[in-house]
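Residue numbers (my numbering): 728 to 990.
The C-beta atom is built at its ideal place from N, Cα and C for all residues, glycine as well.
Small disclaimer: the values here were computed from a predicted structure and weren't measured.
What follows is a short report on a single structure.
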Amino acid sequence: MTTQDFSATEMMTVAASRLLKDGTVCFVGIGLPSTAANLARLTHAPEVVLIYESGPIGAKPEVLPLSIGDGELAETADTVVSTPEIFRYWLQGGRIDVGFLGAAQIDRFANINTTVIGPYGKPRTRLPGAGGAPEIAAQTREVFIVLKQSARAFVGKLDFITSAGYLEGGDARERARLPGKGPTAVITDLGILTPDPVTRELTLTSIHPGVSVEEVRAATGWDLKVAPDLRTTAAPEPHELAALRDLLARTARAHGQSAGGEA
């Protein structure tokens, strides 16, 4: 398979899905995280347990949900509980392995912003807001973040910290007594970044086929560090692309062409 056989978004989605192991309990965000998590369920991780903050546990949607309140989630779930139970018993109780989040902005220490662009009191753009993301970022055992990479999204300084990654870096997260491990991978349409084990600064550790380091650096708003053993992400397998495209096609038929996994 050549790099012409798949898009950058497909590469990102497949790379993100591969990180979910079978049997993992995953708290899923809407949009790209939901696409990647459901692709994992449809391919290599059929026993992954998908939880959405509206209450569905073990959701197995046939099409991608438009929101956490989409009836498809409840109708296909193993069970549905109240939102307080999701957060108090499952999340705060340490029962969630992975939080899968998106973001509008991210900084070098994997802190994310989904609140405002510009000054908080007079923002240029008001974003969807926090939802359950701050608690997911704080409490799950580890966090995966998926978003497209650009200098507008990967910024030197966030306009607002919605959800904590590693705060100021180093041991700042531990000093803040956040129980979860924090973000362990940031998956983009250009590559995969992981935190340095000491400084916690995001480092490019894998680059997608056909992408250059210069392209990734140009799409990053800080001086991006690159791992000395930088690897190339394995290209999507035919069965992964088939499953993803079929999922998106079903979603488009059910919800219209706007539902393409990036809502």
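Between the C-alpha atoms of G983 and G897 there is a straight-line separation of about 45 angstroms.
Straight through space, the alpha carbons of R868 and G907 are spaced by roughly 5 angstroms.
Rounded to the nearest angstrom, the Cβ distance from V870 to A864 is 6 angstroms, consistent with a contact under 8 angstroms. Bridge partners of G918 according to DSSP: I934. For G756, the closest alpha carbon among the candidates V741, S781, D805 is that of S781. Only buried fits A786, as 16 or more other CB atoms lie within 10 angstroms of its CB.
With contacts defined as CB atoms closer than 9 angstroms, G918 and V943 qualify as a contacting pair. In the displayed model, D973 falls within a helix according to three-state DSSP. By the C-beta density criterion, P788 is buried, having at least 16 other C-beta atoms within 10 angstroms. If only complete runs of 3 or more residues are kept, the region 865 to 913 shows the beta strand (DSSP E) at 869 to 873, in order along the chain. Proximity of the region 796 to 806 to the region 847 to 860 falls short of the contact definition, fewer than three beta-carbon pairs being nearer than 8 angstroms. With fewer than 16 neighbouring CB atoms inside 10 Å of its own CB, H966 falls in the exposed class.
Annotated three-state conformation of I813 is helix, per DSSP.
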